[in-house]
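What follows is a single structure, written as structure tokens, with notes after it.
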Amino acid sequence: MTGNGVERGYRALVELARLGSSELSPERIADRALQLALEGVGADSGELELIVDGHKQLVARRSAEHAASAPASRIEAPIVSAGRQVGVLCCAATRANAFDDLRRELLPAIGAQLGPLIGRSLTGASDLSQSLLELRALHRVSAATRSLDLDEVLNRSLEITLEAAHAVAGAIYLRDEAHRVYRRTARRDVPDDVAPLEYPMGPVDARFPEGIPYVLDMDDPSEDQPPIDAARRVGYRRILIIPLHVEGRPVGLLGLDYREPISLPASTLLTLEAIAGQEATAIEHARVHRVLARRAEVFGLLRAFGERALAPMDTHELALLIVQTAVQITRADRGLIGRINRRTSRVLAGVGTDAGLVGFEMPLDEPYMAQSLADPSPIVVEDVAALEPQSIIARMARERNTCSFMFITMRHRGRPIGQLFTGSGEPRRYEPVEVEGMQLLSSMAAEVIERSRAEEEVETERARLGATIEHLPVVVAVLGADGNLLHINAAARAFLVQLGHDPNNWRGGFESLEYSYPDGHPLPRAELPVMRAFAGERPEPLQMTIADERGRHWTVIGVAAPLTDEEGKVQAVVTGFQDVTSLRELADAKDRFLRVASHELRSPITSLRATTALLEMDPSSITDPARRATMLQRIQRQVDRLIRLVEQLIDSARLNATEVPLQPTECDLAQIAREAIELARSGATGPSEVRLQSPPTLPGRWDPLRLEQVLTNLIGNALRYSPPDQEVLVTLTEGDPVKIEVIDRGIGIPKEQIDKLFTPFFRASNAAQHHKGGLGLGLYIAADIVRRHGGQIEVGSELGRGSTFTIELPRRQP
Ligand code: ADP
Numbered sequence: 000m001t002g003n004g005v006e007r008g009y010r011a012l013v014e015l016a017r018l019g020s021s022e023l024s025p026e027r028i029a030d031r032a033l034q035l036a037l038e039g040v041g042a043d044s045g046e047l048e049l050i051v052d053g054h055k056q057l058v059a060r061r062s063a064e065h066a067a068s069a070p071a072s073r074i075e076a077p078i079v080s081a082g083r084q085v086g087v088l089c090c091a092a093t094r095a096n097a098f099d100d101l102r103r104e105l106l107p108a109i110g111a112q113l114g115p116l117i118g119r120s121l122t123g124a125s126d127l128s129q130s131l132l133e134l135r136a137l138h139r140v141s142a143a144t145r146s147l148d149l150d151e152v153l154n155r156s157l158e159i160t161l162e163a164a165h166a167v168a169g170a171i172y173l174r175d176e177a178h179r180v181y182r183r184t185a186r187r188d189v190p191d192d193v194a195p196l197e198y199p200m201g202p203v204d205a206r207f208p209e210g211i212p213y214v215l216d217m218d219d220p221s222e223d224q225p226p227i228d229a230a231r232r233v234g235y236r237r238i239l240i241i242p243l244h245v246e247g248r249p250v251g252l253l254g255l256d257y258r259e260p261i262s263l264p265a266s267t268l269l270t271l272e273a274i275a276g277q278e279a280t281a282i283e284h285a286r287v288h289r290v291l292a293r294r295a296e297v298f299g300l301l302r303a304f305g306e307r308a309l310a311p312m313d314t315h316e317l318a319l320l321i322v323q324t325a326v327q328i329t330r331a332d333r334g335l336i337g338r339i340n341r342r343t344s345r346v347l348a349g350v351g352t353d354a355g356l357v358g359f360e361m362p363l364d365e366p367y368m369a370q371s372l373a374d375p376s377p378i379v380v381e382d383v384a385a386l387e388p389q390s391i392i393a394r395m396a397r398e399r400n401t402c403s404f405m406f407i408t409m410r411h412r413g414r415p416i417g418q419l420f421t422g423s424g425e426p427r428r429y430e431p432v433e434v435e436g437m438q439l440l441s442s443m444a445a446e447v448i449e450r451s452r453a454e455e456e457v458e459t460e461r462a463r464l465g466a467t468i469e470h471l472p473v474v475v476a477v478l479g480a481d482g483n484l485l486h487i488n489a490a491a492r493a494f495l496v497q498l499g500h501d502p503n504n505w506r507g508g509f510e511s512l513e514y515s516y517p518d519g520h521p522l523p524r525a526e527l528p529v530m531r532a533f534a535g536e537r538p539e540p541l542q543m544t545i546a547d548e549r550g551r552h553w554t555v556i557g558v559a560a561p562l563t564d565e566e567g568k569v570q571a572v573v574t575g576f577q578d579v580t581s582l583r584e585l586a587d588a589k590d591r592f593l594r595v596a597s598h599e600l601r602s603p604i605t606s607l608r609a610t611t612a613l614l615e616m617d618p619s620s621i622t623d624p625a626r627r628a629t630m631l632q633r634i635q636r637q638v639d640r641l642i643r644l645v646e647q648l649i650d651s652a653r654l655n656a657t658e659v660p661l662q663p664t665e666c667d668l669a670q671i672a673r674e675a676i677e678l679a680r681s682g683a684t685g686p687s688e689v690r691l692q693s694p695p696t697l698p699g700r701w702d703p704l705r706l707e708q709v710l711t712n713l714i715g716n717a718l719r720y721s722p723p724d725q726e727v728l729v730t731l732t733e734g735d736p737v738k739i740e741v742i743d744r745g746i747g748i749p750k751e752q753i754d755k756l757f758t759p760f761f762r763a764s765n766a767a768q769h770h771k772g773g774l775g776l777g778l779y780i781a782a783d784i785v786r787r788h789g790g791q792i793e794v795g796s797e798l799g800r801g802s803t804f805t806i807e808l809p810r811r812q813p
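Residue numbers (numbering that gives the first Met the number 0): 0 to 813.
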């Protein structure tokens, strides 16, 4: 029997059921029922007899238009009501073999359907129990439709239908338009092979095009698809397929399984149709509700992600938040996020079984990676079995038992920056909202990743700048518009501490200072660079002198610049200064040197000229031996002085070029000291006593001329800066290093100037009044010679009481 035959049969049943509620007379009902039965089984003549009081009574007859030929095929079925035969239905056809098995079965179904009808109309009785069952089923279905829980609606619908239809097992399939399949969404007692998880949509729609119930016949050998074979093995003989429609639109199928050929009363079929219609609507509502709920959930997750991603967090925390969100959106159980660097994507964070992949580098030319890089939408793999088995991704999926996954390349302004994966341990379908959610997440994630990267860069830059400023040898401070300190560097803090202030009390520190121009004139506060910057100016660097309450002063170059907003309003001021005191002192020393040097050089020369002029004017002075000796001595002294000055100048020039080559030989320090004392005394003006305490000899390997120069200088200074009657003591002490001390009881040296004694051109403040000459080079040269011998020189002094210069000298230089 073909599909059309079944359809006709079914229609007959439905029509019969409708008759039940009609107001027709019993005879009209019988006649119409016979007509429907004939149409249903495709017969051309027939009779309907009722058994009344044990006798058959013909109630209706229909005969073929050409009744000439005798019927070649004939079937009959009992009319049954409440388990009791109440009549007989006979159908005949002039064709031979007009009735196949299904028709033979349909007739008893019609008979069974007819029984209660006729029984009711003729006898007033009805098959109450079935009607009650169906009513109850309808009632329950309408109760079930109130739920919005899809699974609950599905399961209850299936359960109600099974009961109402007296089926032994069944399943509900819903259409998945995105994947073009019917997907099983509920089942009861059917094995997987009879009711597989999915059916391709096309063949199913082709098979049941008109959306009316259809009976699949397991006894029909032409039905040879694998699920039907499986159904046969289980022992099913019929499967009733009831399509689910909502407003004429197909949404799914109900499949009901029977172990016997079915003979459902037409009213039951009608009820089933009604039940199915209600179920379809309920299922569709619940499905739409579920989609909407999922959608709301996904957007909720995205919104929560957006909010959380605003909080400051490091790269790893952010990466983890992104993967966790992706896993939630796609209802996955694992996931990872990779960051593209040059030729690979490096895993930054993972969850589930992918957590162990952190650090793994996936080459960008891996085929699926390359595909994703080229495609802005996610790559959805619902079953990894479909992947190219040799690909790295397929291999990795196998190793981790990942059966389905989705991944997308995150892009920032079109530029790929990384990948986002989520996966599951079983094959599965992804819903459109999940794919869409993943897409949205990936672009949000790209944005926050890039923002956090940019912030990190700015932070690093700021830290680098901060460190640079912190260690600048220049005092730097940043002040807010209200003058409060915003930032201060190490040099500034050190300066404040030097002033005796709290290292962060910038204002206190600088308000306590006196400011003046280099020429000593007071500098009005308003002229300070920092004040001018607050007034919105960009002042030139200014050299000035600052003095603290204790009278200490520094020469500094002060700078300041305003930081303004778009409207030019001063937001902050960067200010700073550099201490140029030592540069200033050096410049001063050079000026002094030039003055002293010209004076020093001029006096012996003037004196020489005077002597020679005298000789010229008075030739007798040459012939007089006594006067000649005095003259020559005078000339000799001036020349010596000149030579000494010139040598000092040459030495200091050499020192600056760092080339005073030593010429060490075996020599005797005691001898050198004696000669130096001799030389120093000859240069001294007054009667000067120098006492030497020394072992008779003190041999070592030194440059004797240089050591003599050092000692001559120290002894010369000791004599020069002492009153004429004070003795100078020179002691040499045996040992290694040997110790040399030059001790005087002269003017001493101001304590705070002792440090500077060995710098070139330095003369202590109390030196000039005592001795006009002196370049401030002697000690500088002496210290350098000692240092080159591997030794050291120190000075101890008390103002007005005298000084002790101590040298320690290794016996042999390294
Ligand atoms: P000069 O003596 O030519 O000025 P020096 O370099 O020899 O140069 O000495 C530098 C300064 O050190 C002197 O100007 C003086 O102020 C101080 N000085 C050196 N020796 C003594 C000393 N024995 N007593 C006091 N002051 C000294």
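Beta carbons are placed, not taken as given, at the ideal position from N, Cα and C, and that holds for glycine. Quick caveat, the model's predicted, so the values are computed rather than measured.
CB contact flag (residue i, residue j, <8 Å)
{"i": "residue 700", "j": "residue 663", "result": "yes"}
{"i": "residue 479", "j": "residue 571", "result": "yes"}
{"i": "residue 239", "j": "residue 255", "result": "yes"}
{"i": "residue 412", "j": "residue 353", "result": "no"}
{"i": "residue 190", "j": "residue 229", "result": "yes"}
{"i": "residue 198", "j": "residue 172", "result": "yes"}
{"i": "residue 250", "j": "residue 432", "result": "no"}
{"i": "residue 112", "j": "residue 15", "result": "yes"}
{"i": "residue 106", "j": "residue 40", "result": "yes"}
{"i": "residue 728", "j": "residue 671", "result": "no"}
{"i": "residue 751", "j": "residue 803", "result": "no"}
Residue i - DSSP class collapsed to helix/strand/coil
{"i": "residue 616", "result": "helix"}
{"i": "residue 168", "result": "strand"}
{"i": "residue 479", "result": "strand"}
{"i": "residue 509", "result": "helix"}
{"i": "residue 520", "result": "coil"}
{"i": "residue 733", "result": "coil"}
{"i": "residue 238", "result": "strand"}
{"i": "residue 120", "result": "The pLDDT assigned to residue 120 is 49, lower than 50, so where the model puts this residue is not dependable, and the model offers no usable value."}
{"i": "residue 711", "result": "helix"}
{"i": "residue 841", "result": "No information on residue 841 is available, as it lies outside the stretch 0 to 813 that the chain covers here."}
{"i": "residue 738", "result": "strand"}
{"i": "residue 696", "result": "coil"}
{"i": "residue 543", "result": "strand"}
{"i": "residue 499", "result": "coil"}
{"i": "residue 126", "result": "Confidence in residue 126 is poor, its pLDDT being 48 and thus under 50, which makes the residue's placement unreliable; the coordinate value appears in the next sentence. DSSP places residue 126 in coil when its eight states are reduced to three."}
{"i": "residue 409", "result": "strand"}
{"i": "residue 746", "result": "coil"}
First through last residue of the alpha helix (DSSP H) which encompasses residue i
{"i": "residue 189", "result": "No alpha helix (DSSP H) holds residue 189; DSSP gives it neither H nor E."}
{"i": "residue 222", "result": "Element bounds for residue 222: n/a, residue is neither H nor E."}
{"i": "residue 779", "result": "777–787"}
{"i": "residue 216", "result": "Run containing residue 216: none in the alpha helix (DSSP H); it sits in the beta strand (DSSP E), 213–216."}
{"i": "residue 261", "result": "First-last for residue 261: undefined, no H or E at that position."}
Unbroken beta strand (DSSP E) run spanning residue i, endpoints
{"i": "residue 56", "result": "54–61"}
{"i": "residue 254", "result": "248–257"}
{"i": "residue 95", "result": "Neither: residue 95 is in no beta strand (DSSP E) and is coded neither H nor E."}
{"i": "residue 350", "result": "343–350"}
{"i": "residue 793", "result": "791–797"}
Contact with chain D by residue i, beta-carbon distance below 8 Å
{"i": "residue 186", "result": "Looking for chain D here will not work: only one protein chain is present."}
Between the segment 354–365 and the segment 435–446, can you find at least three pairs of beta-carbon atoms closer than 8 Å? no
Quick check: the segment 563–580 against the segment 464–484, are at least 3 beta-carbon pairs closer than 8 Å? yes
I want to know whether the segment 552–562 touches the segment 453–460 - three or more CB-CB distances under 8 Å. no
Please confirm if the segment 669–685 is in contact with the segment 716–734, defined as three or more CB-CB distances below 8 Å between the two stretches. yes
Any contact of the segment 746–766 with the segment 774–789, i.e. 3+ C-beta pairs under 8 Å? yes
The segment 416–424 in contact with the segment 336–344 per 3-pair CB rule at 8 Å: yes
When you compare the segment 87–103 with the segment 38–57, are there three or more beta-carbon pairs, one atom per stretch, that lie closer than 8 Å? Under the 8 Å Cβ criterion, the segment 87–103 counts as touching the segment 38–57, having at least three qualifying pairs.
Could you check whether the segment 267–275 touches the segment 393–409, counting it as contact only if at least three pairs of C-beta atoms, one from each stretch, sit closer than 8 Å? no
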